[in-house]
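Number of protein chains: 2
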Amino acid sequence: MPPPASPPTFRPLYGQIRALIERALDAGEWAPGQAIPSEQDLAIRFGVSQGTVRKAIQALAGDNLVVRRQGKGTFVATHTEETASNFRFLRIRRNDGRAEYPRSRLIDLARARASAEIARLLSLKTGDPIFLLRRVLEYGGSPAVLDRIALPAALFRGLTRERCAAHAGSMYGFFETEFGVRMLRADERLHAVAADADSAALLNVAAGAPLLAVDRVAYTYADRPVEVRRGLCATRREHYWNTLT
Amino acid sequence: MPPPASPPTFRPLYGQIRALIERALDAGEWAPGQAIPSEQDLAIRFGVSQGTVRKAIQALAGDNLVVRRQGKGTFVATHTEETASNFRFLRIRRNDGRAEYPRSRLIDLARARASAEIARLLSLKTGDPIFLLRRVLEYGGSPAVLDRIALPAALFRGLTRERCAAHAGSMYGFFETEFGVRMLRADERLHAVAADADSAALLNVAAGAPLLAVDRVAYTYADRPVEVRRGLCATRREHYWNTLT
DNA sequence: CAGTGGTCTAGACCACATC
DNA sequence: ATGTGGTCTAGACCACTGG
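As you go down the protein sequences, you meet chains Z and R in turn. Going left to right, the first sequence walks through residues 5 to 249 as our numbering numbers them. Going left to right, the second sequence walks through residues 5 to 249 as our numbering numbers them.
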């Protein structure tokens with residue numbers, strides 16, 4: 005008979021170093037977009053070899069928590085760059101293949117209290133204060149996506165319609181810069197639904213038209229959930245893309 | 005003035021080794037599910053160090069072309085295992101979270117000629133012979149997905165309704181075992197559409213009901229396209245899931 | 001027990017960016 | 001010239017598997 009399933013206590017050194025660096029990132033020791041110390045410096049700091057630090061950093065880079073640039077250094081990942089990292093989590097593209105980032109238009113912003121469902125997804129208690137905001141993404145002036153976004157009020161103190169509307173780029177860049185909330189990962193579930201009258205008007209489609217509903221929960225460090233959103237996408241000129249491996 | 009943009013000719017050694025191993029995989033030197041030679045053996049064969057072979061193999065493992073198992077060896081990836089690898093490319097899950105693999109039911113199978121669109125996607129010429137098949141995926145006896153699948157006839161000689169219906173598991177396991185065609189990667193584009201009468205009947209929904217349309221092109225080694233399919237999913241009890249990083 | 005992949009280290013050198 | 005990350009090597013040892 006086999007032994008009674010001894011716990012898998014083994015944890016490689018580079019995994020522990022990775023956790024230490026990740027904790028430092030979470031604590032804000034280095035700002036988004038800024039360089040973290042060199043491999044050599046971190047090796048001295050943690051008392052391990054450079055190769056072990058390298059494996060730790062490469063694991064972090066694999067999860068997009070940092071970005072490595074040969075000859076320059078390793079940088080804390082950010083949503084605020086001019087490049088594709090700005091819209092890292094945007095899976096909506098134009099059908100014709102034209103590379104174009106959408107324009108965001110705020111519809112409304114309100115304080116509210118978390119429903120049981122929202123509370124569960126955000127690890128809050130039912131009735132905890134949240135923000136609810138709606139916005140539309142437009143491609144070439146035409147509305148394509150209507151997002152309803154729920155945020156824990158505790159993490160977004162001072163969020164106002166004005167500050168929100170003033171920001172041109174991506175939502176997550178805004179969250180990162182203004183509130184220090186960094187989105188690292190998100191889970192999505194997609195359904196096909198019929199447009200209700202309200203959404204249909206905002207998306208400029210007929211009521212009842214088929215829409216792509218994208219339900220997302222976004223997480224920051226240590227898998228703490230910090231956003232729940234539902235996006236409704238009119239897939240006339242746009243689509244949701246994905247690659248399977 | 006800077007030099008006129010010399011071509012980036014640098015290619016790391018482990019990348020070249022990776023390409024050599026990949027070519028051997030493509031040539032069928034080792035069968036799916038079987039072990040490839042050990043790192044040490046491959047290092048001798050290619051005249052490089054074990055560490056370089058390791059990096060090459062880890063790159064292949066990262067793309068799911070092989071699977072590494074500590075203490076056992078490195079194995080050619082397969083779609084025919086009892087585990088999750090059987091339905092590696094299936095992104096449809098039940099809403100209630102119950103882990104359940106669907107049952108596949110063949111609707112029909114026909115020879116046809118590639119349309120311009122299909123030919124383009126499969127790198128064929130318009131009019132080249134293809135197979136067109138339709139099947140339904142059922143969860144707990146209820147139809148959830150209707151797939152229309154186009155395959156180049158040249159790669160699937162001898163495909164018949166009987167052989168197709170006889171196979172219980174995943175489509176790609178069937179393709180791998182019976183025709184030696186290994187699906188390695190796929191691109192998907194999702195739209196929301198209204199159900200036509202035919203699809204609605206097969207999916208047991210009302211005509212005009214919103215459906216999730218999943219358009220997929222699947223590739224084998226060297227990015228050769230070998231399948232085009234459109235899946236129509238009634239997302240009542242199921243959804244399409246994705247993780248963003 | 002032997003064989004496999006996994007970890008850790010140390011050193012040398014390469015490619016890239018900046019000064 | 002210097003400092004960064006990237007590659008390549010060599011060797012030692014660890015964790016896991018199966019005979």
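All C-beta atoms, glycine included, are put in the ideal place defined by N, C-alpha and C. Quantities reported herein were computed from a predicted structural model and do not represent experimental measurements.
query	result
For Leu155(Z), the nearest candidate out of Ala123(Z), Val140(Z) and Gly177(Z) (CA to CA)	Ala123(Z)
Reduced DSSP secondary structure (H/G/I, E/B, other) of Thr164(R)	coil
Exposure of Pro16(R), with buried meaning 16 or more beta-carbon neighbours within 10 Å	exposed
Top-ranked residue by Cα proximity to Asp2(Z), from Gly235(Z), Ser146(Z), Trp34(Z) and Ala116(Z)	Residue 2(Z) is absent from the model: chain Z starts at 5 and stops at 249.
Within 8 Å, strictly: CB atoms of Leu125(R) and Val232(R)	yes
Inter-residue spacing [alpha-carbon to alpha-carbon] between Ile61(R) and Lys76(R)	15 Å
CB contact check: Trp245(Z) to chain R, cutoff 8 Å	yes
Closer than 8 Å to chain R by CB, Pro6(Z)	Confidence is the limiting factor: at Pro6(Z) the pLDDT is only 38, short of 50, which leaves the residue's position unreliable and the question unanswerable from this model.
Exposure label - Glu242(Z); buried when at least 16 CB within 10 Å	buried
Which residues DSSP lists as bridging Tyr223(Z), in chain order	Arg189(Z) and Pro229(Z)
Buried/exposed call for Glu104(R), threshold 16 Cβ in 10 Å	exposed
8 Å Cβ cutoff, Phe93(R) in contact with chain Z	yes
Chain-ordered chain Z contacts of Thr249(R) [CB-CB under 7 Å]	Asp67, Asn68 and Arg189
Contacting residues, own chain, Cβ-Cβ under 6 Å from Arg189(Z) (five flanking each side not counted)	Tyr223
8 Å Cβ cutoff, Leu306(R) in contact with chain Z	Here chain R covers residues 5 to 249 and nothing more, so residue 306(R) does not appear.
Contact set between Arg241(R) and chain Z, taken where Cβ atoms lie within less than 9 Å	Ordered by position in chain Z, no residue passes the 9 Å Cβ test against Arg241(R), which lies about 10 Å from the chain.
Close beta carbons around Glu192(Z), own chain, < 6 Å, minus the five adjacent residues each side	Val218 and Arg220
CB of Thr249(Z) within 8 Å of CB of Asp67(R), strictly	yes
Exposure of Gly3(Z), with buried meaning 16 or more beta-carbon neighbours within 10 Å	Residue 3(Z) lies beyond the residue range present for chain Z, which begins at 5 and ends at 249; the question has no answer from this structure.
8 Å Cβ cutoff met for Leu207(Z) and Ala196(Z)	no
Residues near Ala9(Z) in its chain [Cβ-Cβ closer than 7 Å; skip 5 each side]	Caution is warranted here: a pLDDT of 46 is assigned to Ala9(Z), below 50, making its placement in the model unreliable, and the coordinate value is therefore given only provisionally. Same-chain partners within the cutoff: there are none.
Thr224(Z) CB to nearest heavy atom of the ligand HEM below 7 Å	As far as ligands go, the structure on display features none, and thus does not contain the ligand HEM.
Backbone CA spacing between Val209(Z) and Val57(Z) [nearest angstrom]	53 Å
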